[in-house]
Amino acid sequence: MTERVREILSWYGSDTPGTRANLARMLHHGRLGGTGKMVILPVDQGFEHGPARSFAPNPAGYDPDYHFQLAIEAGCNAYAAPLGFIEASVANFLGAIPLILKLNNHDVLHEETDPLSSVTSSVDDALRLGCAAVGFTIYPGSAHARVMYQEAREIAQEAKAKGLAVVIWSYPRGSGLSKEGETAIDVVSYAAQIAAQLGAHIIKVKLPTAHIEFAEAQKVYQRYHVPIETLADRVRHVVQSAFNGKRIVIFSGGPRSEDETFFQEARAIRDGGGFGSIVGRNSFQRQKTEALAFLRTVMQIYAGEIQ
Amino acid sequence: MTERVREILSWYGSDTPGTRANLARMLHHGRLGGTGKMVILPVDQGFEHGPARSFAPNPAGYDPDYHFQLAIEAGCNAYAAPLGFIEASVANFLGAIPLILKLNNHDVLHEETDPLSSVTSSVDDALRLGCAAVGFTIYPGSAHARVMYQEAREIAQEAKAKGLAVVIWSYPRGSGLSKEGETAIDVVSYAAQIAAQLGAHIIKVKLPTAHIEFAEAQKVYQRYHVPIETLADRVRHVVQSAFNGKRIVIFSGGPRSEDETFFQEARAIRDGGGFGSIVGRNSFQRQKTEALAFLRTVMQIYAGEIQ
Amino acid sequence: MTERVREILSWYGSDTPGTRANLARMLHHGRLGGTGKMVILPVDQGFEHGPARSFAPNPAGYDPDYHFQLAIEAGCNAYAAPLGFIEASVANFLGAIPLILKLNNHDVLHEETDPLSSVTSSVDDALRLGCAAVGFTIYPGSAHARVMYQEAREIAQEAKAKGLAVVIWSYPRGSGLSKEGETAIDVVSYAAQIAAQLGAHIIKVKLPTAHIEFAEAQKVYQRYHVPIETLADRVRHVVQSAFNGKRIVIFSGGPRSEDETFFQEARAIRDGGGFGSIVGRNSFQRQKTEALAFLRTVMQIYAGEIQ
Amino acid sequence: MTERVREILSWYGSDTPGTRANLARMLHHGRLGGTGKMVILPVDQGFEHGPARSFAPNPAGYDPDYHFQLAIEAGCNAYAAPLGFIEASVANFLGAIPLILKLNNHDVLHEETDPLSSVTSSVDDALRLGCAAVGFTIYPGSAHARVMYQEAREIAQEAKAKGLAVVIWSYPRGSGLSKEGETAIDVVSYAAQIAAQLGAHIIKVKLPTAHIEFAEAQKVYQRYHVPIETLADRVRHVVQSAFNGKRIVIFSGGPRSEDETFFQEARAIRDGGGFGSIVGRNSFQRQKTEALAFLRTVMQIYAGEIQ
Amino acid sequence: MTERVREILSWYGSDTPGTRANLARMLHHGRLGGTGKMVILPVDQGFEHGPARSFAPNPAGYDPDYHFQLAIEAGCNAYAAPLGFIEASVANFLGAIPLILKLNNHDVLHEETDPLSSVTSSVDDALRLGCAAVGFTIYPGSAHARVMYQEAREIAQEAKAKGLAVVIWSYPRGSGLSKEGETAIDVVSYAAQIAAQLGAHIIKVKLPTAHIEFAEAQKVYQRYHVPIETLADRVRHVVQSAFNGKRIVIFSGGPRSEDETFFQEARAIRDGGGFGSIVGRNSFQRQKTEALAFLRTVMQIYAGEIQ
């Protein structure tokens, strides 16, 4: 175990050896293994946006085996997906990569202002499928946030008791927020705090803008001169908001973007003290060779091999 | 076991031997046994549309014994029905045909924009009645979809643990969709994906039209030239959307139609790589002799004995 | 055991010996014992309509002992009542008559368009009180029908596992129906079908009129010339709708009426193949001597001793 | 055991020895012990109306010990209170008086048309605190009546199985009723019937007026000349409505009133066959000496020592 | 054990030795140990108001270790925080200070008139983390108060059975109250009564104003001349309202204020018979040295070392 991983694990002193071992497995796996940085491949877009919107750009992605192969060949730390995708292929890739079973999901066939994900699998499903962690999405700002917080809490308690790690996707959305507010710096850092207080081991948030959503928060940012000008500043503030950097915070890649834009963001995450990226559409919507090259660059940035 | 059945079963590597044995039972049963194709007789219309609308065209159908006899004589792979129908007759046909207990149902005595089925029997009912599988309907697009997804998930987890197979009827409906959208190609393939991600072994959807419901999807179908012109094209796209063909997808026959129309649809399902049909009103609303002849033709199309 | 009872029991081949024995107990008990016909005394009106409206016409009925005595002396097949009435008197009449514990109830102190009964006792209450069956009301057509169907299902599963019979009162009501539609022939036969599919052993419905509520149903009744002109025709259609006569269907007496009207209805039930009546207000709201004479005539009609 | 208590207990023939022993304890305790009459001290007004409105008139009442002392010294049959009050003092008065733990409560900090009490303690709390009975309020006429009936049912079943008695406060309220209707004779007697059918051993209602709320009921009261002119008549009708007098029905004292008014009411309760009073504000809002004298008179009326 | 602590513990005679031992631990810990007074450090503002609004004034507070250190060095009786904060640091401070796990939380990303906290951890979490007590917030006056009362009840019952103490934050809010009414004397004393009746061992309320919210209460305060003019009077009335002083009532410090204002409030709490303060923002939003000095003064006031 590297010094850095040992340090990170020291922040999880309340957890059982089983849970800490699974955190260690993810931190040690793949190209970034041991650096304390993580790049995770998540593929829940088939459920979240529909199959064609997700996989038509690279039809190999319709096949559940493909994403295991991509994550393994790219040297990701873990692969995250809903029940069906994991069930369909895990027996073909036993032990090859740490798995995160995404326990709730949401689709866009019914529009709503205040989203509420459906619980689509369980901690026991994660155990029978050999996963290292469970993933769960909360939508702070939704009128239904309470339901999701309480589901997250129950899942976290059960997962910890059964030796799994807990990853929370904390995505502000809903009638409590403006569209711009969903990625406002005060809101994203608040979302990170909530996930941390709910007991997440790993927290996934979107990259924040410099917008501030709430007047009450605005006063504080101004009065105390909280630095939020550059993306690295904002990453630093979000990481600080997650227990002063004592929780693993990784950032979402978002929709497919220009390579250089993405690399710049990765640099900002790295420089701001972020722990890495979860890269979905930017990897599986490319042809495999291209995706592998792209992910290699991202990992080199995190490893500090590229500035 | 035929090569084809062995191949199909290989896609279900996460499942217990009990569940895989029940899938094998259905795939090996009847005239199409071993071909990898399935024709299933479902009779839940008494609950869904009322008894007269369902059985007055062929009053023999009021009797629960009749449907067992029809399914057995026609050589179907399985017979699917709600609790009452199975309970009333199963003791007279022990072991004669694989059974799918339909665990939820819906009636039309109360109109609603966003349908929500009632859970009317349980996995333990399926076990005590000797069924091979449980069936469950979800309505993606309904404001109540979350309730049904979560019920489906709980049922699927219990059924798998108890060695049963899981069949999901995935029928888009509700305030999230236009009437035309219920059978739009983007919606039906999305419905197939959702059922697959929820962990269904067998997925039942309606035949899709070339209509595209959502603008976001429309862009993708155009940009990536997804072929959806012919019915066979669309079947192929739906099957692809269900894990690149690694889940059994069968298609609903719908209301009683002209024989030739139905046969053309069966050809399209076969040619597009679909796994078969679930034929309700088109079989039990005919006189028995006529129904047997009709189903024989359908099976011959699937077997490739008729082009 | 008579041939007829043996035949009736043969329709319940999925049930445990305990449940079938309790069905047999009810079918063999009282004056009509062994004929396959049933007359049941139900007294839940104190809860449903209030005590004065129920018992002021014959104040003896305020006393829970009275109804046991009436049912026993009249030779009914069973006595059905809510928890309180059974608890108050059962110890005074141990084993004297089969009992049906009515598990849900509804009052009229709060008006509502879409009724939803309250669950007021349990299967385990029925066991500790020595009952042969549980009774449960569903209101198809109510916006809350799903709640009641699901409660019915859970109760039916538990009752069957514990050796009790299940009686479902299936009374269409609610915003899905017009007032006239509550007793329309298409609706009553649909209600009988739903109760049968939910797994009821005995189904209680109201006598249907010749009105047809739904246009979709109307087309079918006309096209297939379903006979519904006479009351006997309609009874026959309802019985057919309950698994082609393979479920016990009995009819509700309704509010107190003229003797001759009631007897004509009993003849129609008998001639249409119905299994009998559940006679509440028409019996307990009369003086006892008069009630006994009245019920004797009803039973003689069912026994065929009076034409 | 007196003849009268033996007679009363004979109405509870379905209950376990544990429950009947607890009924006997309450019927034998205090000055009225053995007469079949009861005077109970209830103190839940601190929760229901707030502390100052309840206890400022006699500040000794802020102290939980006070009410134990008052009930014991006055010779009440039992003392009823919410969890906090019982927990705070029971260890100081072990075995000194039968206790009724009030399991649900309601406050007035949030106005509502259709009240719904909160469940604030459990049957197991009653057991660990050594109580003889549990108390529960239902509001027939509220849109939420179903919730309370079902909670009452679950509590009653558990309490009976664990040897406790069940006291139901049945107070009509809510959007189904006019203000005047809350104490209308048809409504109060209906409320008594509902509590009895739900399985209450002891039923607490308000004293009824001669008003009749519902037209359907009005017809019956007129047609059958039900006597409701005097308060004693109405008490008799309410008692009759609770299983022809075979359930213990006691009456609420209501807000503090003139002594003579209260005594007249007690006479009417006695003469109408009522079983006693539950006297809250009229006792604990007086100075103790005055309260003891007041309660002594009430008990003498019930004992027939004063006409 | 001091006489005062022994006296306080005597009010909790219904509790298990485990629970009383945990109350004793808190009462004996820190600078005020043994005096019967308490100063508790609560840090749930990260969840309740967001991280920047809470911790930007003193960025050391982003770190979960900091609050443990502050509470320990200041000699507080206990430290209260949500799951995440306790989990992150408890292993570094084993046994150093009694802990109160805050089991529910609320955020401000979604505005609502009637607040309802989310349950974010459990009694079993408190046990595995070695806490002495659980904390729970109720909002009397909210349309959702019933949900919180029932959750509080379930948690209190479980906590008591498992040997933990129960702290209830009782904060009137919601559509039942005006803004001014949230701290009205009748409302705050009512809130204290409700928490006491729900079974709280320690009750936390806000300091009340002399405003009276409800007309019914106003009459009583005037008629009985309840003294509420000075803050000490009002504290005395609130303490009286919590079982005549037989429950530990502590007061919330509120937002950061002038030192002298705060000290005056502490004097009023002390002089009115209050048991102490829960001091959040006024301590952790200052630099540590300043916070320690500030808390020392507060404790000296409570200890009577400063008048």
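Protein chains in written order, with this note's numbering: chain A, 1 to 307; chain B, 308 to 614; chain C, 615 to 921; chain D, 922 to 1228; chain E, 1229 to 1535.
All C-beta atoms in this analysis are idealised placements derived from N, C-alpha and C, irrespective of residue type, glycine included.
Through-space distance from residue j to residue i, alpha-carbon basis
i: Thr113/A; j: Leu198/A; result: 24 Å
i: Leu892/D; j: Val1219/D; result: Because chain D here runs from 922 to 1228, residue 892/D falls outside it and cannot be looked at.
i: His1257/E; j: Thr1041/D; result: 31 Å
i: Ala766/C; j: Val748/C; result: 10 Å
i: Asp540/B; j: Val108/A; result: 24 Å
i: Arg360/B; j: Ala775/C; result: 33 Å
i: His49/A; j: Ile501/B; result: 10 Å
i: Thr751/C; j: Gln547/B; result: 46 Å
i: Gly561/B; j: Val586/B; result: 8 Å
i: Ile475/B; j: Pro51/A; result: 18 Å
i: Tyr1418/E; j: Ser1039/D; result: 16 Å
i: Asp635/B; j: Phe601/B; result: Chain B is shown only over 308 to 614; residue 635/B falls outside these bounds and no answer can be derived.
i: Tyr139/A; j: Arg1451/E; result: 51 Å
i: Gln150/A; j: Met1376/E; result: 13 Å
i: Tyr676/C; j: Leu655/C; result: 15 Å
i: Phe889/C; j: Gly650/C; result: 7 Å
i: Leu129/A; j: Glu87/A; result: 7 Å
i: Ala491/B; j: Gly174/A; result: 28 Å
Distance CB(residue i)-CB(residue j) smaller than 8 Å
i: Val327/B; j: Leu316/B; result: Sequence inspection shows Arg at residue 327/B; the Val mentioned does not correspond to that position. Closer than 8 Å, so yes.
i: Cys745/C; j: Leu713/C; result: yes
i: Ala688/C; j: Ala917/C; result: no
i: Ile509/B; j: Ile557/B; result: yes
i: Ile1514/E; j: Asn1286/E; result: Per the sequence shown, residue 1514/E should be read as Arg rather than Ile. Going by C-beta atoms, Arg1514/E is nearer than 8 Å to Asn1286/E.
Minimum Cβ-Cβ distance from residue i to chain C less than 8 Å
i: Arg1074/D; result: yes
i: Leu339/B; result: no
i: Leu1024/D; result: no
Chain-ordered chain A contacts of residue i [CB-CB under 9 Å]
i: Ala452/B; result: Asp107, Leu109, His110, Ser118
i: Glu523/B; result: His49, Gly50, Arg53, Val108
i: Ser1350/E; result: Arg153, Glu154, Gln157
i: Ile1426/E; result: It should be noted that the sequence gives Leu, not Ile, for residue 1426/E. The contacting residues do not exist; Leu1426/E stays about 20 Å from chain A at best.
Residue i at chain E interface by Cβ criterion, 8 Å
i: Asn244/A; result: yes
i: Tyr149/A; result: yes
i: Pro1176/D; result: no
i: Asp233/A; result: no
i: Gly174/A; result: yes
Proximal chain D residues relative to residue i, where beta-carbon distance stays under 8 Å
i: Trp1239/E; result: Ala1009
Partner residues on chain C for residue i, Cβ-Cβ distance less than 7 Å
i: Ile1115/D; result: Phe661, Asp721
Under 8 Å by beta carbon: chain C residues contacting residue i
i: Asn399/B; result: Gly627
i: Tyr369/B; result: Gln854, Ser855, Phe857, Asn858
Below-8 Å beta-carbon distance, residue i vs any chain B residue
i: Ser756/C; result: yes
Chain D contact for residue i (CB, 8 Å cutoff)
i: Val1454/E; result: yes
Neighbouring residues, chain H, relative to residue i (Cβ below 7 Å)
i: Leu436/B; result: The chain labelled as chain H is not found among the protein chains of the depicted structure, namely A, B, C, D and E.
For this session: Pair every Cβ in the region 220–231 of chain A with every Cβ in the region 1296–1311 of chain E, then say whether three or more of these pairs are closer than 8 Å.
Result: Too few Cβ pairs lie closer than 8 Å, so no.
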